[in-house]
Every structure is written in C-alpha cells, then in structure tokens.
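I have placed the structure first, in the form of structure tokens, so that the comments after it can refer back to it.
Residue numbers (my numbering): 262 to 755.
Below is the structure:
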C-alpha cells in the first residue's frame, strides 16, 4: 500500500534522529546557516535567477534587474528601508535575488519536508565564513511576530543569483511526513507556526486546495471500485484511491476526512491494521466524532478484537445517544459473544431509533432464539420477511426456531425457502436434515446432513448443542436413529 505513514515508527524515528545527529555533528565543527528544499534542485538559486533563466534572460545583470524591481515596488509601500522591502517581496513569493536561509536547522528540516511528498528533499549547509560571507544579509530588529523572526531568517544575495552548496543532507521522501510529525511534536514547528500571518495563509492555500483535489480524485476512484466488475479491478481502483488520499494527507496532515475514507477502503481490502491506524488518527483530529468511533469499532469487530469494538461502540453511543448504527453494531458483538440479553437491548434500541431493517429484525430474532424466547424470535423473523420477502437469512432463522419448537413441517418449509433463495447457505440443510429425522425420513435426512457437513458445518457440535446427545434425543422424541446416522452425529471423544 502506497503510504507515507511509517510502517515501523521506531525505524522512522531512528532515521530522523540519524539525520538530525549528522547535521548537529557537522554544525558543531563550524558556523553554518541552513536552507531546506523539498526537491533536489539543480542549483541553489534565487527566484529572480530562476525567472530570468526560464525567460532566457540570464545575460542581464541580476542585481540591476533587482534594483529596477525594487524601485517599482516603492510605489506600493510606505516602507523606506530597501532591504525590508526586499524581504517583504520575498515572503509574498515575489522575484528577488535573495535566497532564504535560517540559523535553525530544525526549521530547515521543516522546509525540506513540507511539500513534494514523493520526492527526496535536502538540507543545505553553508559555512558563514566561507564563500558566502560577503553575501549574507541579516534582518535587523524584525517584528517579533514576523515571519522573518519566527523562521530565524537570514538571506544570501549572490551576485550571480546562485551559489554552490558547501554540504547537502538528503531527506528521503519516506521520512518527510514522520519528520514533520516529529518537528511538530517535539519543537512546535508546523505550518501554522512557521507562517504566522496572512501571507502564510496564502502560502498554504495551494496545499489545501491540492489536498482537496487529491481527495476528490480518491473519492472518484472509490466510486469506480464500487462499480468494478471483478476483484482485481476493484483492488486496483482502491489502491489508486489510497494513493490519492495519501497525497492529500501529506499536503494537509490534519485532513480528517481523508484519513477516515482511507481507513474505510483499507477495511474493505482487509488491511485492518492500517484501517485502525487511520481511524485512530481521525479520532485524534476529531475526538467528539461518534462516527469515527463507530467506524473504528467496526474494524475491531472484523479483526476479532471484540472488547475493543464494544468500547468504541460504547464511546460512540456516549457521544450520540441517537446513534442507532452503534447500538446495532454493539448488539451484533454481544450476540457473537453469547451475551444475548445485552444484544436484545441494543437491537431493540436501534429499531426504536429508526433502524428498522430486515437485517436488524433477523439478528434480533436470533438473539431471542438463543435466549429461548421463541415467540419473540418468530415475530422478528416474520417482520424481517415482511420488510424483505426474499430475505433467505430470515427464513433460515425462523426455520431453526420452528425446529426448536417442534413444528417440524414449518421448519422444513422455511428451510426449503431459504435454500431456494440461496443454495449456498449451509445451516438450512442441517435444519431440514434434523427435521427429516423427526419424520423418520432417513435417506432424505442423511442427504441433507451430508450436504451441510460437506459445506463445512460442524453438524455434530450443532446437534449436541441442541439435544445434548443421541440418547437424550431418542428419549425425548421416542425415535430410534439408524446406526449410520447416529454415528454421523456422535462426538468422537464420547
């Protein structure tokens, strides 16, 4: 799965600390300024140089061009300090011959990681006493809230518009997002803090809109996956969707909806660990979201971590007392753990809240059946059939209740209908097979029991769970089972 999120956080942390340690070691041996670049550009150059290069105008004197631009800019500001005007133009993204550097290599690491998530970045180290010493320009008494102060900016103004780096530390693309997370967590260096003004808002707008565009593209791939004609095509579309959501997240790390949707796709693909990681991130970004807890609970349930699933559904219900889906989902976990009373309470609450579906009535019918309340079980299976007359699971469940009640012909009729609607189901064959035993139709009974067994159903365990053993069955029914059928339904260790 193509994600920037670390598969092994400890490995990523080790790599981050290794990079920081390397820069710190070099820095201790000299006096450096630092520049972070999200791509490994061919040259370390000013914006004005790059614009002249693109326009094939490098024959012009770059300092003279900058002077002309500066004079034109004076008509738009009351500021008289030329260097302050230049730095203001620079931070608006304008064309100057200044190259941004910082005295803080952590800030340089931020700029090396904040964009181009699928390309390596770099941190450039320039020794202040080297070639650049006469080109360094340091702001004097900047506004404490300005970007210059926050970014600990210094500028290099090279006469040719570019410099040759003294040293370069590569920032692998796989480390960029973990590094941004680390800088925010440990040093409070983030896009919100590095850009403390409306200029920063403007600078971050492109990232946010690009993130949203990637999210929209991912949603389109997800919709295409929903309509895919085969599993291979579905998986391919899902992977493209995940890549698009990942690109959106890397551009806007607080993009809760992208984490949530990527989590859902991972869940569908059976990648439960990544699905849970993304759902957890969604919860951290929006801890009051009942939907986020419901989603993670569903993933935990699918993974088999049932206690965690119950905890999440309970939290979702605490945040939204009207969350019918969370009640229903928790009820299904209770049902699977044989906590039938709690399951019945939750299913009934979900129905009262409006989640009146054949599926809910069917699982509620199963819960009542397991508790021995046959009348309520049948009533709910009947309601499921009323809502959806071709619902095989409701016929299957009601047939099983009829068998428990001893209404043999009704058990056979419902089993027949369940099999007709879905021949792949295995429990109806068992129910019908045992019903035929009650009618002493040995050949038909044996055939149905064999079908259920061949489909993978543990017919012996089911029989003993219902009747105890062969002797009890024969005593209760007054029926003597043939030896071969009795052998089929006898536990091997008895």
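From the three backbone atoms N, C-alpha and C, an ideal C-beta is built for every residue, glycine too.
Span of the beta strand (DSSP E) holding residue i?
| i | result |
| --- | --- |
| residue 692 | Here residue 692 belongs to no beta strand (DSSP E); instead the alpha helix (DSSP H) covers 688-699. |
| residue 293 | 293-298 |
| residue 365 | No beta strand (DSSP E) contains residue 365, which DSSP labels as neither H nor E. |
| residue 359 | Note, residue 359: premise wrong, no beta strand (DSSP E); not H, not E. |
| residue 416 | 414-417 |
| residue 386 | 382-388 |
| residue 450 | That residue, residue 450, is in no beta strand (DSSP E); it is neither H nor E in DSSP. |
Assuming contact is defined by CB atoms lying nearer than 8 Å, are residue i and residue j in contact in what I supplied?
| i | j | result |
| --- | --- | --- |
| residue 277 | residue 439 | yes |
| residue 415 | residue 363 | yes |
| residue 455 | residue 411 | yes |
| residue 543 | residue 577 | no |
| residue 356 | residue 308 | yes |
| residue 752 | residue 721 | yes |
| residue 608 | residue 632 | no |
| residue 283 | residue 436 | no |
| residue 348 | residue 400 | yes |
| residue 350 | residue 333 | no |
| residue 627 | residue 648 | no |
| residue 478 | residue 377 | no |
| residue 581 | residue 558 | no |
| residue 472 | residue 531 | no |
Among the options, whose alpha-carbon lies nearest the alpha-carbon of residue i?
| i | options | result |
| --- | --- | --- |
| residue 749 | 739, 736, 725 | 725 |
| residue 563 | 590, 697, 692 | 590 |
| residue 419 | 524, 304, 628 | 304 |
| residue 413 | 372, 426, 441 | 372 |
| residue 587 | 598, 554, 568, 596 | 554 |
| residue 712 | 686, 741, 466 | 686 |
| residue 427 | 467, 291, 511, 479 | 291 |
| residue 288 | 333, 732, 604, 430 | 430 |
| residue 533 | 294, 506, 626, 565 | 565 |
| residue 606 | 618, 298, 629 | 629 |
| residue 599 | 613, 567, 581 | 567 |
| residue 604 | 621, 530, 337 | 621 |
| residue 634 | 453, 662, 298 | 662 |
| residue 476 | 445, 512, 353 | 512 |
| residue 709 | 509, 695, 446, 441 | 695 |
For residue i and residue j, which I take to be in contact (beta-carbon distance under 8 Å), what is that distance rounded to the nearest angstrom?
| i | j | result |
| --- | --- | --- |
| residue 360 | residue 296 | 7 Å |
| residue 313 | residue 323 | 7 Å |
| residue 368 | residue 396 | 20 Å between Cβ atoms; not a contact. |
| residue 540 | residue 515 | Between residue 515 and residue 540 the Cβ distance is about 16 Å, and since that is not below 8 Å, they are no contact. |
| residue 692 | residue 664 | 5 Å |
| residue 746 | residue 699 | Incorrect: roughly 12 Å between the Cβ atoms, too far for contact. |
| residue 536 | residue 584 | Contact flag wrong, Cβ pair sits at about 20 Å. |
Just reading off the alpha helix (DSSP H) that residue i is part of, what are its end residues?
| i | result |
| --- | --- |
| residue 349 | 343-352 |
| residue 668 | Premise fails: residue 668 is in no alpha helix (DSSP H) and is neither H nor E. |
| residue 432 | Element bounds for residue 432: not the alpha helix (DSSP H) but the beta strand (DSSP E), 428-432. |
| residue 622 | 619-632 |
| residue 535 | 533-546 |
| residue 588 | 585-597 |
| residue 238 | A question about residue 238 goes unanswered here, because the residues of the chain that appear run from 262 up to 755. |
| residue 314 | 308-315 |
| residue 403 | Counting along the chain, residue 403 falls outside any alpha helix (DSSP H), and DSSP gives it neither H nor E. |
| residue 377 | Looking at the DSSP string, residue 377 is not in any alpha helix (DSSP H), and its letter there is neither H nor E. |
| residue 499 | 492-512 |
| residue 652 | Here residue 652 belongs to no alpha helix (DSSP H), and DSSP marks it neither H nor E. |
| residue 574 | 567-580 |
| residue 302 | Where residue 302 is concerned, there is no enclosing alpha helix (DSSP H), given that its DSSP letter is neither H nor E. |
| residue 518 | 517-529 |
Using a C-beta cutoff of 8 Å, does residue i count as contacting chain B?
| i | result |
| --- | --- |
| residue 740 | No chain B appears in the structure shown, which is made up of a single protein chain. |
For the stretch 381-388 against the stretch 399-414, are there 3 or more C-beta pairs whose distance is under 8 Å? no
The stretch 497-517 in contact with the stretch 481-489 per 3-pair CB rule at 8 Å: yes
At least 3 beta-carbon pairs within less than 8 Å: the stretch 627-642 vs the stretch 656-667: yes
So, does the stretch 673-682 touch the stretch 626-638, judging by three or more C-beta pairs under 8 Å? no
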